[in-house]
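Below: the structure, in structure tokens.
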Amino acid sequence: MTQTNHAGIVGTGIYFPRPRMSAAEISKATGGVWSEQAVIEKLGIVSKPIPGPEDGTQEMGAKAALDCLKNTGVDAADIDLILCIGEEWKEYPLTTSALYIQDRIGAVNAWGIDVQNRCCTCCAAIKMAADMLIADPEINTAMIVGGYRNGDFVDYTDKDMSMMYDLAAGAGAMILKKNYGKNMVLGSHIIADGSLARTAGVKIGGICEPFSSDNIEAGYKSLKLFDAQKMKDRLNEVSMPNWYKCIDESLRKGGMTRADISYLAVLHFKRSAHLALLKELGLREDQSIYLENYGHLGQIDQILSIHLGVKSGQIKAGTNIITLAAGIGYVWAANLIRWG
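Read the sequence shown against our numbering and you will find it ends at 486, with the numbers running on by one and no gaps.
Given below as structure tokens:
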């Protein structure tokens, strides 16, 4: 990819609610099935942000967008495109989050659209933004932004849901520019397996199982594995091979190999799997940030990891970043970004 035909990341912004939930509180919510020590050591959660009364998904996204504008010095009026990666669980159903954020930040010249790929949405949106910046002469500056609070739906007494006890609340934003000259997106790859499309989701409140006077309380804690065994069996078979293919293909498109990776911006998942992934890729623990003090912010994790990595100095000029995600549905994705 040439210097005159690329998309570069200008910078990031983050917003976190003030309330937090500790490992001890998660343990208590499970009825003691998970001890505090197990929550910390196995699930990898020391604490996580949870939403306060003003922390709607759209409003958190707007606050992250404002932080991104402050951090980058970009004028909101210069933004041409807003790709909102915020979750569908938001202040008002059937409203467009990208347009709420457009108005809140004063991006008067931007058009916007909401995109959804569950926890893969950031990786997918990086590819979309980069492709659109290169392909469309009228798009020069794009913002990826969104808020997340799916943890509201978690039933901590559901043992099948331990993989989602880490769901947290917060928001992230990222600005990309055409031919920015640095922090270039060099390659992306996404794999989908629709056979798992309905193995997990919110069970109650949609067309198939609408809210009623009898299920309203259960409905708001109905993020479930619809078919836990099918999901587990299929993921055991394909999940890691698909992740490695996404990584290798992103590297190939950028003219690199695994030996060139110097930082992994990956979503939060159990500690042992995180360490095993680093080992397989030949990376040290300090070449990633384990989000044990944040939990899992869904598709915001990659923005958060890059934000923290730049701040800590783990990401600097010459760092080759792989962003890595997986989303229920099921989707796997990676991007290659050359920093500096």
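Idealized CB from N, CA, C, for every residue including glycine. Predicted model, so just to flag it, every value in this text is computed and none were measured.
In the DSSP assignment, Asp447 falls within the unbroken alpha helix (DSSP H) covering Asp447 to Ser458. For Val331, the three-state secondary structure derived from DSSP is strand.
The count of Cβ pairs closer than 8 Å, one atom from the stretch 162 to 179 and one from the stretch 300 to 316, reaches three, so the stretches are in contact. Scanning its chain for C-beta atoms nearer than 7 Å, with the 5 sequence neighbours on each side dropped, one finds around Val156 the residues Thr218, Val220, Ile321, Leu322, Lys323 and Tyr326, in chain order. Beta-bridge pairing by DSSP links Trp257 to Leu227.
Each of Met206, Ser434 and Tyr440 was checked against the Cα of Ile452, and the nearest Cα belongs to Ser434. Shown here for Trp257: not one same chain residue has a beta carbon closer than 6 Å to its own, the five before and five after excluded.
By a beta-carbon distance limit of 8 Å, Val192 contacts Glu438. Their separation comes to about 5 Å. At least 8 Å separates the beta-carbon of Ala463 from that of Gly428. Contact between the stretch 226 to 237 and the stretch 278 to 295 is established, with three or more Cβ pairs separated by less than 8 Å. The Cβ neighbour count for Asp249, taken over all protein chains shown within 10 Å, is under 16; the residue is labelled exposed.
Rounded to the nearest angstrom, the Cβ distance from Lys370 to Lys349 is 5 Å, consistent with a contact under 8 Å. When C-alpha distances from Arg417 are compared across Ile407, Met402, Glu182 and Tyr436, the shortest belongs to Tyr436. The residue from Ser168, Glu182, Lys209 and Ile336 with its alpha-carbon nearest to that of Ala317 is Lys209. A distance below 8 Å between beta-carbons, with the five flanking residues on each side excluded, links Leu397 to the following residues of its chain, in chain order: Gly333, Thr403, Arg404, Asp406, Ile407, Ile468 and Leu482. In the structure shown, Gly292 adopts extended strand secondary structure according to DSSP, grouped into three states. When the beta-carbon positions are compared, Ala472 and Gln448 stay at least 8 Å from each other. For the options Phe357, Ser385, Glu187 and Glu363, the alpha carbon positioned closest to that of Asp339 is the one of Ser385. In the three-state scheme derived from DSSP, where H, G and I count as helix and E and B as strand, Tyr409 is classed as strand.
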